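Numbering-wise, the working numbering puts -1 at position 2 of the sequence shown, and it's gapless, one number per residue.
Using N, Cα and C, we set each Cβ at its ideal position, and we do this for glycine too.
Note that the coordinates shown come from a computational prediction; the quantities given were computed from them, not determined experimentally.
Inspection log for the structure reproduced underneath, given as structure tokens.
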Amino acid sequence: MNGQNRSDIYPGLEVDIILKKDQRSGKLTRGIVKDLLTSSAFHSRGIKVRLEDGQVGRVAEIVEED
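The following block contains the structure:
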């Protein structure tokens, strides 16, 4: 699932994000959502979140649990 809809994302969710410094390369960083930083319901480049380790980026992918 992509990370463009705010309603799909909540604290405690495992996600892959793209950090600002990694936007050119597209390198993903995996972590657990701590805070949602985008207030709008939808964002074309992904909802901006802060992970529990303090890193901030846009959600590229929501990690599906098996």
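Among the residues of its own chain, which have a CB less than 7 Å from the CB of residue i, if the five just before and after it don't count?
i, result
"Asp5", "Met(-2), Ile59"
Can you tell me which residues form a DSSP beta bridge with residue i?
i, result
"Thr26", "Ile14"
"Ile59", "Val12"
"Asn2", "Phe39"
"Gly54", "Leu16, Val46"
In angstroms, rounded to a whole number, what distance separates the CA positions of residue i and residue j?
i, j, result
"Phe39", "Glu62", "23 Å"
"Ser41", "Gly0", "9 Å"
Starting from residue i, trace the beta strand (DSSP E) both ways and give me its first and last residue.
i, result
"Leu34", "Premise fails: Leu34 is in no beta strand (DSSP E) and is neither H nor E."
Given residue i, which residues of its chain have a CB within under 8 Å of its CB, disregarding the five upstream and five downstream residues?
i, result
"Gln52", "Ile14, Leu16, Thr26, Gly28"
Grouping DSSP H, G and I as helix and E and B as strand, with all else coil, what is residue i?
i, result
"Arg42", "coil"
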